[in-house]
Every structure is written in structure tokens, then in C-alpha cells.
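Protein chains in written order, with the working numbering: chain A, 1 to 301; chain B, 302 to 602. Idealized CB from N, CA, C, for every residue including glycine.
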């Protein structure tokens with residue numbers, strides 16, 4: 001298939017973005033509720049921004065298993081809340097110390113550090129509240145499996161662990177496998193969880209198909225990070241909506257610093273092809289996942 | 302009943318402390334696993350310390366419903382992990398900026414701020430992993446209710462929200478109802494969750510008994526905080542294992558600053574009596590809860 005997104009796909013992405021925005025507005029506590037400043041800051045950190053890639057992946061994976069819209073949006077919102085919490089904490093002065101995110105001042109700049117800390121903490125709790133409060137599966141046991149998957153993807157064996165590895169890498173030159181291990185944790189784990197949670201919302205998949213979906217998830221997640229590294233090195237701040245060139249300034253090893261820009265782009269293309277081939281046995285129900293893989297490697301921000 | 306703990310009760314508390322320590326050691330990632338520094342710091346923040354009041358309350362509540370030891374210890378460990386994560390984040394420079402906790406340097410002093418931030422984040426994820434991974438109830442739906450309860454108690458409508466209210470109160474003189482609202486969130490919500498989660502591990506309670514348990518939880522949780530305020534004002538740092546007199550230094554309103562020490566002690570005693578009367582219709586299976594209420598108001602640290 002072509003790397004150029006069809007009009008149908010672009011319409012679909014906007015529909016998902018709108019739908020998840022409406023649901024997030026609904027489940028985030030109103031800014032009028034005590035403690036107002038915290039709730040206002042939680043909404044600031046989540047709403048009106050972001051590509052919503054994780055929700056899109058959840059929706060697209062749910063299409064393969066015929067999952068209902070009511071279920072997928074909950075799973076999608078939970079993964080997006082975990083993602084947003086990680087951005088708020090990663091931007092804090094003691095971490096990446098960034099002032100710009102999604103084209104706006106970061107949460108601790110707009111509010112203050114203690115509020116931003118509590119925003120992240122509360123968004124994580126809210127994600128787990130959503131996946132336990134709404135019905136996501138035909139039986140409680142499957143839903144418990146989904147919650148466990150989300151918790152593992154978020155914690156020290158997943159996203160938070162990846163962030164710790166990232167911090168440990170600063171000023172060092174890791175090997176490619178070390179860099180990959182870090183990214184599989186930092187970005188890959190939650191992307192994988194988004195896809196699997198979306199799929200689990202529908203009919204159970206045979207093991208072989210679940211493994212294919214998992215391979216797609218791994219390739220798409222890593223491709224996302226490779227492209228992120230290229231964009232950080234080549235795009236400008238206005239386009240990115242976050243500070244460009246920050247990896248080099250911070251002496252962070254990236255795919256660009258280890259492979260060069262051309263090598264990283266080539267690697268991104270290979271990962272895209274792997275992601276597509278993982279979906280080979282799926283019919284047209286997997287087309288949104290296919291388009292999303294292209295979207296991930298072709299994106300400009 | 303007498304406020305003096307029996308030898309049996311003291312033996313029981315030590316047994317619970319030992320048991321929860323063993324289980325926490327088992328479920329916390331080994332310090333040899335990548336990322337080692339994060340895992341080592343997670344163990345540092347959780348193990349070898351603390352009174353384990355929340356686990357004790359969970360165990361004691363589970364005795365009323367005949368819950369199995371295997372289930373209660375998971376629920377108890379999850380509430381303790383949430384509690385420990387909150388201590389690590391509350392001690393950070395941008396929050397209470399404290400250097401001593403449980404008689405040891407706080408996590409960000411022993412490690413660094415970014416590690417402490419990730420420790421808190423990861424401990425929260427681990428708590429939700431535990432309550433979704435192990436079997437806690439006879440059916441998945443009850444277990445989902447328990448997870449939702451834990452998530453609500455942790456987030457912006459619970460503990461994290463209480464911390465936000467606490468920060469907003471600094472330098473102000475709230476009314477007693479405002480102070481109580483803050484503490485019901487900051488400390489009370491998780492104490493209540495510990496008790497209800499422990500109870501849910503066993504046979505379902507009739508609504509009327511669940512409400513009595515809930516009233517006990519509210520009184521015990523508030524009593525805990527009132528006594529905390531008295532101890533902060535009157536005890537010394539060595540006894541407390543954390544910096545004494547910090548509330549006054551930080552200009553934090555407390556029950557002592559609003560009611561005076563004598564008034565706060567009297568209020569603690571009244572809450573104890575309310576907690577005991579809430580358990581009036583329970584038989585001797587509730588004795589550990591009764592002893593714990595006494596332990597909470599009589600504790601010296």
C-alpha cells in the first residue's frame with residue numbers, strides 16, 4: 001500500500017481525535033471541583049493537544065476484533081492519560097526541564113512544580129479508575145488482564161523504567177541494543193499496551209494473531225521513537241510544538257547520534273515494512289493499523 | 302475495652318509487619334534487574350520501615366469477613382505501596398522538602414530527585430499491578446470494584462487531591478471543616494480504602510455492616526491525622542523518625558494550631574470512641590480493629 005494517507009484515513013483520524021477529546025473532557029474532573037487548581041491543571045495537561053497516537057492505535061486494533069466504540073474509547077483514554085502523566089513528569093525541572101509542550105508552556109511552567117507533580121500522580125490514578133470503572137470486556141477476568149497489562153506497561157518494567165534508563169544514558173554512548181531496550185520500555189511498552197487493550201475490548205484473538213499484533217506493536221512503537229529522534233534533530237520548534245534539538249543539547253544518545261540521520265530514516269522505513277508484514281494475514285479490518293504505521297513514519301511533528 | 306494493648310495484639314501486629322515485609326520483598330523488582338538504580342530506590346523507599354498501619358487495618362477488616370491470608374496480603378501490600386509512593390513524592394523539594402523519613406534520609410536525598418519521582422510513579426503502577434494480577438475476590442466484578450476504590454482513594458478525589466488542598470492551605474487559617482475535608486482526602490481516603498479492600502477480600506458484608514465499617518474507617522483515619530498533628534508539635538525527631546515541628550515551621554494549619562494541643566487530644570479521644578461505637582454490632586472478630594483504633598490514638602510516633 002501507499003505511504004500517502006487516503007482522505008478516508010485522515011477523516012478517520014480526526015473523528016478519533018474528536019471522540020477521545022469529548023470523552024476525556026467528560027471523565028476529567030471539572031475545574032470547578034475542589035481542589036480546583038489541581039483539576040484545572042489536569043485538564044490543561046490533557047485537553048486540546050497531542051496527536052492522540054495511542055488512542056488511534058487502540059481504536060484501530062479494536063476494529064480487528066469488532067470491539068464496541070463504548071469500550072475502546074475507555075481503553076484509549078486510559079492509555080492517553082498515562083501518556084499525558086508521563087509528559088508532565090518528564091518535563092519537570094529534575095527530569096528533562098522543558099518549558100514547551102504541544103505548543104503551550106509545560107504544566108509546571110503554567111502552574112507550579114508541586115501542582116505538576118500531583119497532576120501526573122492523579123492522571124495515573126484516573127487511568128486505573130477508568131479501566132476498573134467501565135466495562136471493557138465480556139468478563140471480569142479479561143478486564144483484570146487488561147489492567148495488569150496497563151500497569152506493567154506503565155511501571156518500572158515499562159515506561160517509568162525506560163525513563164530511568166534514559167536518564168542513566170545521558171552523556172554516554174550506549175550500544176544500539178541498549179538504546180533499543182530503553183525505547184522498548186520508554187515508548188514501546190505503552191504503545192503496545194494501547195494496541196493490545198484496544199484488541200482485548202473485542203472478541204478474543206487466536207494466539208497466533210495476538211502475536212502478530214504484538215510484533216506490529218513493537219515495530220510501530222520503535223518506529224515512532226526513531227522518527228521522534230529524526231524530528232528532534234531536523235524539525236523546528238514551531239512545527240514540533242516542543243523544544244527542537246533538545247536531545248543534542250542534553251547530550252542524549254539517539255538513533256540519529258548513533259546511526260546518523262540517513263541511517264535512522266532508513267531504519268524507520270525498515271521498521272515500517274516489518275510492521276506491515278506482521279499484519280499480512282489480516283484482512284481490510286487492519287487497514288487503519290496499516291495507515292497508522294505509515295502515519296508514524298511520515299509525520300512532520 | 303482498655304486502651305492498653307494486650308500482649309496478643311502486640312504479637313499480632315508484629316506478625317502482620319513481618320508478613321507484609323516478606324510479601325513486599327517478593328513483589329518489588331529485584332535490585333539486580335535493569336534499571337537497577339530505580340529498583341534499588343523502590344526497595345529503599347518501601348522496605349524496612351513504617352508502622353504498616355494500612356496493612357494492619359486491611360488484615361483486621363479481613364478478619365471480619367473471613368478473608369484468606371493470601372488475598373488480604375495483596376490488598377494490604379497495594380495500599381502500602383500507594384502510601385509509600387505518596388511519602389516519596391511528598392518529601393520532594395517542590396513539595397514538603399523533607400530530608401528524613403522513617404529514620405533514614407528521604408529517597409531523593411539518598412538517590413536523586415529524578416529517581417525519587419520515578420520511584421513514586423512506579424510504586425503506584427506496581428500497586429495497580431498487584432490488585433489486577435492476584436485473585437482478591439470470588440469474582441472479577443468484585444475485584445474491579447476494589448481496584449476502582451483504590452484508584453479513587455489515590456487520585457485527585459482522594460489522597461493526591463488532599464495533598465493539593467494541603468499545599469493550598471499553607472500560610473492560611475482554614476476553618477475546622479476545611480481542615481477536616483483536607484485530611485479526609487489526604488490521609489482518610491487511603492485508610493478507608495485499606496479497610497474496605499481488606500473486608501472485600503472475604504465474604505460480602507450486608508450494607509448496614511459495610512456502612513458501620515466505613516464509619517469506623519472515617520473516624521480512625523481522622524484520629525490518625527489528629528494524633529499526627531499532636532506528635533509533630535510535641536514529640537522529638539528521633540522518636541518520630543521524621544523532622545518534628547515541621548508543621549509550625551512550614552506554617553501549615555493543623556488540629557493543634559486550630560484547637561490547641563489539649564483540644565486536639567480531646568478530639569482524638571472522641572474520634573476513638575466514635576470508631577469503637579461504630580463497631581458495636583460486630584463480635585470479637587472485630588477486636589483487632591478495636592485495638593488498632595486504640596493503637597492509633599496512643600501511638601508515640
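Figure out for me which residue from the options has the closest Cα to the Cα of residue i.
i	options	result
residue 196/A	50/A, 56/A and 14/A	56/A
residue 398/B	567/B, 547/B and 433/B	547/B
residue 350/B	374/B, 335/B and 389/B	389/B
residue 171/A	155/A, 248/A and 19/A	248/A
residue 444/B	408/B, 502/B and 531/B	502/B
residue 214/A	162/A, 179/A and 278/A	278/A
residue 288/A	18/A, 216/A, 264/A and 129/A	216/A
residue 333/B	156/A, 69/A, 92/A and 14/A	156/A
residue 64/A	137/A, 85/A, 162/A and 284/A	284/A
residue 417/B	522/B, 465/B, 475/B and 394/B	394/B
residue 437/B	409/B, 307/B and 359/B	359/B
residue 493/B	369/B, 455/B, 476/B and 348/B	455/B
residue 85/A	19/A, 60/A, 163/A and 209/A	163/A
residue 129/A	189/A, 147/A and 174/A	147/A
residue 161/A	282/A, 28/A and 90/A	90/A
residue 435/B	167/A, 286/A, 15/A and 145/A	145/A
residue 439/B	505/B, 558/B, 596/B and 317/B	505/B
residue 510/B	558/B, 583/B, 495/B and 476/B	583/B
residue 194/A	152/A, 175/A and 165/A	152/A
Got a sec? Which residues, its chain only, sit under 7 Å from residue i by beta carbon, not counting five neighbours each side?
i	result
residue 267/A	226, 255 and 259
residue 244/A	232, 235, 236 and 237
residue 297/A	223, 227, 268, 269 and 272
residue 265/A	230
residue 20/A	52, 55, 73, 76, 77 and 80
Taking buried to mean at least 16 other C-beta atoms within 10 Å of its own C-beta, is residue i buried or exposed?
i	result
residue 563/B	exposed
residue 486/B	buried
residue 478/B	exposed
residue 592/B	buried
residue 8/A	exposed
residue 367/B	exposed
residue 30/A	exposed
residue 240/A	buried
residue 340/B	buried
residue 281/B	Outside the modelled stretch of chain B, which goes from 302 to 602, sits residue 281/B, for which no answer is possible.
residue 370/B	exposed
residue 300/A	exposed
residue 512/B	exposed
residue 508/B	exposed
residue 22/A	exposed
residue 490/B	buried
residue 581/B	exposed
residue 314/B	buried
residue 18/A	exposed
Is the distance from the Cβ of residue i to the Cβ of residue j below 8 Å?
i	j	result
residue 343/B	residue 423/B	yes
residue 302/A	residue 80/A	This structure cannot settle anything about residue 302/A, because the visible part of chain A is limited to 1 through 301.
residue 415/B	residue 95/A	yes
residue 54/A	residue 76/A	yes
residue 411/B	residue 345/B	yes
residue 149/A	residue 219/A	no
residue 82/A	residue 124/A	yes
residue 379/B	residue 432/B	yes
residue 24/A	residue 46/A	yes
residue 488/B	residue 522/B	yes
residue 242/A	residue 126/A	no
CB-CB under 6 Å to residue i, same chain, minus the five flanking residues each way: which ones, in chain order?
i	result
residue 62/A	72, 198, 201 and 202
residue 361/B	589, 590 and 593
residue 576/B	517, 520, 521 and 594
residue 409/B	393 and 417
Sorted by chain position, which residues of the same chain lie with C-beta nearer than 8 Å to residue i's C-beta, five sequence neighbours on each side aside?
i	result
residue 470/B	479, 480, 483, 553 and 554
residue 250/A	96 and 170
residue 6/A	291
residue 468/B	396
Any chance the CB of residue i is under 7 Å from a heavy atom of the ligand PLP?
i	result
residue 586/B	Questions concerning the ligand PLP fall outside what the structure shown contains, since it holds no ligand whatsoever.
Unbroken beta strand (DSSP E) runs of length 3 or more, entirely within the region 204–231 of chain A: which are they? none
For the region 329–356 of chain B, list the beta strand (DSSP E) runs that are entirely contained and at least 3 residues long, ordered along the chain. none
Runs of alpha helix (DSSP H) lying entirely within the region 93–177 of chain A, each at least 4 residues, in chain order: 107–110, 113–133, 140–154 and 159–169
Which runs of the alpha helix (DSSP H), 4 residues or longer, sit entirely within the region 527–590 of chain B? 538–541, 547–550 and 556–579
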